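Residue numbers (the numbering used here): 21 to 625.
Dropping the structure here:
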């Protein structure tokens, strides 16, 4: 056979041919509903993108991103041991977490003197690593102590890679308290650290992300905060060049790789606009990353390893200069050495074995990433301008305007979590009631203190975890969890899909399902329910079986003492079922959280 170019053998692939094939596969189903998704900001995520012409994209300096580890043990000696273990194990950056930092989660150090700070960094050679302070309201005092420590040790300031992490506006967002005179103190700190390598101010996205902000809102908040620091430093006598060089930003990386990569690319474009408006020649912005507290779960915490690995990879691919990943047990307590090693090694694999940092901007030219980056940039710029029209980030927070916009997005996301439109593996999806506890350090957490006007800090899985905690408490108290009897109608092949669905759904609320092979006789079903000792029942079968057997089965269960009866499915004609005793319907897209709260309450009653 004569060799011919493939283009002559196969019909060229075009979007039109692809769309035609998709329409045929959908068989009349709506293309938009099935294949197009939208972000919290309403940005469209298409199923297919054409290659894009790469846009000139600011990128990080050549080389891999820094692997940063949190040092947050309250005991200075143990904190120093943590730091040395992390550095010996492959980390090249540390984040020193003060007990007053909102991100301390009840732990963190309290270096009240230069001696205490020295003890926490015992054996750590500052010129060989990058160091970031995360001190919240104690930021200025901690920065002054660090300067004293550098002078005591005789280190050359120009060789140090420091991020002082001063973020009074971010602290205001997280705690409700804004330090008076912060502008002057920030300017004075920049003067005091002249000759030092690194950044003084940090525009931190974590308070906004934890409150439920969208990607656009997170970017806008960070940009507005950075611009506020630019203005404060210029007003304090620093030229714009020095002011610009004193500022870094921190974005949150979550498990959505597309949006995370696009978000990190977008912040560099946005900052380039600010530089242009200031008449500054562009320089690489210091972009730090920390994986999302919002996505962490206390249940099935091993899934957090996957979440943080994906988030770390996405931040690195998006151009972060440094990535701090939360250990998988962070939501349960102070992580032990194993959890810290796992999160450290995850990044080492990404950098050293997967070589993800070899290309400066791997998303360049990819249609989906270029489209998302451009849309995020434009929408975030518009959101930033709205904050500016409100008088800047401080005044927008004070008035509650920005908080209100975040709350609206958070409420919509909470509905998505409640209906499992946004599923949480291990919490709302695929829960495992028999999971074993994981180890954390035996260190008590201090209660969080948030003042009036503070943005909330919330993890998405918390509402489900409350129900699971109540179930565990009942098990410890009585030896038995709340239970639901699965009233399976017909053989396994008929009811299995819905009985499995129902068992997993109830388990998300800590309600244990009592299964069986199925029943064809209503009296036998009622007897089995009585023998189970459950007060809840859930009918499970096919729509065809429901038409003839659901009503008599519900009546038999009600007569047998079933206090609450659910049905797995969404029947078109539900009135007869309700009259027969069916209280509610469990189906994909229902408000599962509301159903579980009610079921748990009824099971206890």
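Even glycine gets a Cβ: it sits at the ideal position worked out from N, Cα and C.
These numbers come from a predicted model, not from an experiment.
Pick helix, strand or coil for residue 234, following the three-state DSSP scheme. coil
Pick helix, strand or coil for residue 531, following the three-state DSSP scheme. coil
Check whether the Cβ atoms of residue 207 and residue 150 sit closer than 8 angstroms, and answer yes or no. no
If you follow the alpha helix (DSSP H) that residue 547 is in, where does it begin and where does it stop? 542-552
Got a sec? Which residues, its chain only, sit under 6 angstroms from residue 21 by beta carbon, not counting five neighbours each side? Residue placement at residue 21 is poorly supported in this model, since its pLDDT is 46, which falls under 50; the coordinates still yield a value, given next. Closer than 6 angstroms at Cβ, skipping near neighbours: no residue.
So is residue 213 buried or exposed if we call it buried at 16+ other beta carbons inside 10 Å? Label assigned to residue 213: buried.
Residue 407 to residue 416, Cα distance in whole Å? 6 angstroms
Quick one: is residue 529 buried, meaning 16 or more other Cβ sit within 10 Å of its Cβ, or exposed? buried
So residue 475 and residue 231 are in contact, right, with Cβ under 8 angstroms, and what is the actual spacing, rounded? 4 angstroms
Per DSSP, which one or two residues make a beta bridge with residue 508? Partner(s): 560.
Round the Cβ separation of residue 391 and residue 72 to the nearest angstrom and send it over; I've been treating them as touching at under 8 angstroms. 7 angstroms
Specify, as a first and last residue, the run of the alpha helix (DSSP H) that residue 484 falls within. 482-498 is the span of the alpha helix (DSSP H), which, as asked, contains residue 484.
Who pairs with residue 309 in a beta bridge, going by DSSP? 271, 343
Using three-state DSSP, classify residue 21 as helix, strand or coil. Legend: pLDDT at residue 21 = 46, less than 50; position of this residue unreliable, value from coordinates given subsequently. The answer is coil: DSSP assigns residue 21 none of H, G, I, E or B.
Could you tell me which residues DSSP pairs with residue 58 in its beta bridges? For residue 58, which the question treats as bridged, DSSP gives the partners 64.
Paired residues, beta bridge with residue 18 - DSSP: Because residue 18 is not part of the residues shown, which for the chain are 21 to 625, the question remains open.
Given a cut-off of 8 angstroms on the beta-carbon distance, is the pair residue 533 and residue 523 in contact? At a Cβ-Cβ threshold of 8 angstroms, residue 533 and residue 523 count as neighbours.
Among 470, 342, 455, 477, nearest to residue 488 - alpha-carbon criterion: For residue 488, the nearest C-alpha among the options comes from 455.
Assigned exposure category for residue 375 - 16 Cβ within 10 Å defines buried: exposed
Hey, quick one: how far does the alpha helix (DSSP H) through residue 473 stretch, first residue to last? From DSSP, residue 473 is part of no alpha helix (DSSP H); its letter is neither H nor E.
Alpha-carbon to alpha-carbon, residue 447 and residue 351: 13 angstroms
Please look up how many angstroms separate the CB atoms of residue 248 and residue 412, rounded, as I've assumed it's under 8 angstroms. 6 angstroms
Between which two residues does the beta strand (DSSP E) harbouring residue 89 extend? 86-91
Under the rule that 16 or more other beta-carbon atoms within 10 Å means buried, what is residue 120, buried or exposed? Flag for residue 120 reads buried.
Where do the ends of the alpha helix (DSSP H) carrying residue 585 lie? Counting along the chain, residue 585 falls outside any alpha helix (DSSP H), though it belongs to the beta strand (DSSP E) covering 584-588.
Counting only runs that start and end within the stretch 365-442, where is the alpha helix (DSSP H) found for 4 or more residues in a row? With a minimum length of 4 residues, the unbroken runs of alpha helix (DSSP H) contained wholly in the stretch 365-442 fall at 387-409, 413-419, 421-438.
Hey, out of 91, 623, 36, whose CA is closest to residue 355's CA? 91
Could you pull the start and end residues of the beta strand (DSSP E) that residue 604 belongs to? From DSSP, the beta strand (DSSP E) with residue 604 extends over 602-606.
Helix, strand or coil for residue 627, going by three-state DSSP, please let me know. Outside the displayed span of the chain (21 to 625) sits residue 627, for which this structure offers no information.
8 angstroms contact criterion, which residue 316 and residue 275 should meet: CB distance rounded: Between residue 275 and residue 316 the Cβ distance is about 10 angstroms, and since that is not below 8 angstroms, they are no contact.
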